[in-house]
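**Q** In terms of UniProt numbering, the sequence shown opens at residue 1 and continues consecutively. Think of the CB as a built atom: it goes at the ideal place given N, C-alpha and C, for glycine as much as any other residue.
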Amino acid sequence: MQNNTFFGHSQPLPIIVLEAVASTNDYSKQLLANFKPQIDFTAIMAKYQFDGRGQRGTSWLTPAGVNMTASFIYAPPSLSISKQFALTVHSSLAVYDVVEEILQKDIFIKWPNDIMVGKRKIAGILLENKISAQLIKTVIAGIGINVYQQEFPIEIAHKTTSLVLEHPDIDLTILDLVKRIQKRLLYYQTIFEKDRFDALLQLYNNRLFLRGIDSNFIVNGASITGQIQGVGPDGILSVLQGHEIQKYDLKGIIYQL
Numbered sequence: 001m002q003n004n005t006f007f008g009h010s011q012p013l014p015i016i017v018l019e020a021v022a023s024t025n026d027y028s029k030q031l032l033a034n035f036k037p038q039i040d041f042t043a044i045m046a047k048y049q050f051d052g053r054g055q056r057g058t059s060w061l062t063p064a065g066v067n068m069t070a071s072f073i074y075a076p077p078s079l080s081i082s083k084q085f086a087l088t089v090h091s092s093l094a095v096y097d098v099v100e101e102i103l104q105k106d107i108f109i110k111w112p113n114d115i116m117v118g119k120r121k122i123a124g125i126l127l128e129n130k131i132s133a134q135l136i137k138t139v140i141a142g143i144g145i146n147v148y149q150q151e152f153p154i155e156i157a158h159k160t161t162s163l164v165l166e167h168p169d170i171d172l173t174i175l176d177l178v179k180r181i182q183k184r185l186l187y188y189q190t191i192f193e194k195d196r197f198d199a200l201l202q203l204y205n206n207r208l209f210l211r212g213i214d215s216n217f218i219v220n221g222a223s224i225t226g227q228i229q230g231v232g233p234d235g236i237l238s239v240l241q242g243h244e245i246q247k248y249d250l251k252g253i254i255y256q257l
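#1: Met68 and Val178 - do their beta-carbons sit closer together than 8 angstroms?
#2: Find the nearest neighbour of Pro76 within the set Tyr255, Ile140, Ala22 and His167, judged by alpha-carbon distance.
#3: Please report how far the alpha carbon of Gln167 lies from the alpha carbon of Gln84, in whole angstroms.
#4: Can the beta-carbon of Tyr74 be found closer than 8 angstroms to that of Phe35?
#5: Round the Cβ separation of Ser71 and Asn25 to the nearest angstrom and send it over; I've been treating them as touching at under 8 angstroms.
#6: Closest to Asp249 by C-alpha separation, out of Gly235, Gln256, Lys183 and His243, would be which residue?
#7: My output table needs one value for Pro14: the three-state DSSP class, helix, strand or coil.
#8: For Lys105, I'd like the list of residues in its chain whose CB is within less than 7 angstroms of its CB, leaving aside the five on either flank, ordered along the chain.
#9: Please state the DSSP three-state secondary structure of Ala43.
#10: Evaluate Lys110 with the Cβ neighbour count: other Cβ atoms within 10 Å of its Cβ, from every protein chain shown; 16 or more gives buried, anything less gives exposed.
#11: Okay, do the stretch 121 to 132 and the stretch 188 to 202 touch, 3+ Cβ pairs below 8 angstroms being the bar?
#12: Among Ala46, Ile102 and Thr190, whose alpha-carbon lies nearest the alpha-carbon of Asp169?
#13: Name, in chain order, the residues that DSSP records as bridge partners for Leu135.
#14: Taking only three categories from DSSP, how would you classify Thr69?
#15: What number of angstroms, rounded off, separates the C-alpha of Ala64 from the C-alpha of Val98?
#16: Leaving aside the five residues before and after Leu127 along the sequence, list all residues of the same chain whose C-beta is less than 6 angstroms from its C-beta, in chain order.
#17: Helix, strand or coil for Lys247? Go by DSSP, reduced to three states.
#18: Buried or exposed for Val239, please, with buried defined as at least 16 other CB atoms from any protein chain shown within 10 angstroms of its CB.
#19: Would you identify the three-state DSSP class for Asn206, choosing helix, strand or coil?
#20: Going by other Cβ atoms of all chains shown within 10 Å of its Cβ, with 16 needed for buried, is Thr62 buried or exposed?
#21: Among Val21, Met45, Gln38 and Ile16, which one has its Cα closest to the Cα of Ile145?
#22: Could you tell me which residues DSSP pairs with Tyr255 in its beta bridges?
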């Protein structure tokens, strides 16, 4: 396993590049255990990640050298676990901005933190936190973006896309993409300042996938139709079903796409 550290010109944000690793999030945990603290938004980037994870315990397999697989380490200032949804908003907005800037298309955030082009997923985020005394001490934001992959397994091909499929003329390196994510994470760290969360949560909701559109979901094994209304500060999704608002956490509802 080889690693190198790069420093950007405008901000001294380290990027550790690994040839291959099981999981950049797991590598980041080892790094924090052995060499803490790290500079905020230090990135661990893998050319090949062979045991990546997603939400709900799913796995994410990607060919070597074609997609961005990276983890970003930082320490939010005095953030209680009751406000941890701010971490989801923070990373989602950063990835949204980078993808939208590259593609110049309609991009959406699928609650809680997938990035969609139309109805196809192009990026996902997995957050893992270290907690002490009811405060979140460190965050590892594992971010995957489909970049140059053009073919996907048949079971997900209809609902997955990549930067190159959406914009065949793109010309950027994966390292450059990691640097762009770092800069947007740095930009949105104002979310941890007093009175900034509400404004950025509104921005997150304005970009929400399927908001206000009749859509199909699965709840308790049954299909239902509803309209997403938004997400609250606690990260709970509000869905209008008939004339009533129902609220769901991540385990309570599944999108049918």
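**A** Working from what's here:
#1: Along the sequence shown, read from residue 1 onward, the residue named residue 178 stands at position 178. Along the sequence shown, read from residue 1 onward, the residue named residue 68 stands at position 68. Yes, Cβ-Cβ distance for Val178 and Met68 is below 8 angstroms.
#2: Here residue 76 refers to the residue found at position 76 when the sequence shown is read from its first residue. Comparing Cα-Cα distances from Pro76 to each of Tyr255, Ile140, Ala22 and His167, the minimum goes to Ile140.
#3: Residue mapping note: residue 167 aligns to position 167 of the sequence shown, counting from 1. Residue mapping note: residue 84 aligns to position 84 of the sequence shown, counting from 1. According to the sequence shown, residue 167 is His rather than Gln. So the alpha carbons of these two residues sit roughly 34 angstroms apart.
#4: Translated into positions along the sequence shown, residue 74 becomes position 74. Translated into positions along the sequence shown, residue 35 becomes position 35. Not a contact, by the Cβ cut-off of 8 angstroms.
#5: Your numbering for residue 71 matches position 71 in the sequence shown. Your numbering for residue 25 matches position 25 in the sequence shown. Sure, about 5 angstroms apart at Cβ, within 8 angstroms.
#6: Within the sequence shown, the letter at position 249 stands for residue 249. Here the closest residue by C-alpha is Gly235.
#7: Here residue 14 refers to the residue found at position 14 of the sequence shown. DSSP places Pro14 in coil when its eight states are reduced to three.
#8: In the sequence shown, counting from the first residue as 1, residue 105 sits at position 105. Hits under 7 angstroms: Val117 and Glu166.
#9: As a first step, residue 43 must be located in the sequence shown, where it is residue number 43. Under the three-state reduction of DSSP, Ala43 is assigned to strand.
#10: For the purposes of this step, residue 110 is taken as residue 110 along the sequence shown, with counting starting at 1. Looking at its Cβ environment, which holds 16 or more other Cβ atoms inside 10 Å, Lys110 is buried.
#11: Judged by Cβ distances under 8 angstroms, the stretch 121 to 132 makes no contact with the stretch 188 to 202, as fewer than three pairs qualify.
#12: The count along the sequence shown starts at 1 and reaches residue 169 at position 169. With distances taken between Cα atoms, Asp169 lies closest to Ile102.
#13: To locate residue 135, count along the sequence shown from 1; it is residue 135. Per DSSP, Ser80 and Ser132.
#14: The residue given as residue 69 occupies position 69 in the sequence shown. If DSSP states are grouped into helix, strand and coil, Thr69 belongs with the strands.
#15: Against the sequence shown, residue 64 aligns to sequence position 64. Against the sequence shown, residue 98 aligns to sequence position 98. Approximately 22 angstroms, taken between the alpha carbons.
#16: Sequence index remark: in the sequence shown, residue 127 carries index 127 (1-based). Once the five neighbours on either side are set aside, the close Cβ partners of Leu127 are Leu87 and Ala141.
#17: For the purposes of this step, residue 247 is taken as the residue at position 247 of the sequence shown. Strand, per DSSP.
#18: Here residue 239 refers to the residue found at position 239 of the sequence shown. By the neighbour-count rule (16 or more Cβ atoms within 10 Å), Val239 is buried.
#19: Within the sequence shown, residue 206 is the residue found at index 206, counting from 1. If DSSP states are grouped into helix, strand and coil, Asn206 belongs with the helices.
#20: As a first step, residue 62 must be located in the sequence shown, where it is residue number 62. Flag for Thr62 reads buried.
#21: Locating residue 145 in the sequence shown gives position 145, where the first residue counts as 1. Taking only the C-alpha atoms, the option nearest Ile145 is Met45.
#22: Translated into positions along the sequence shown, residue 255 becomes position 255. Paired residue(s): Phe217.
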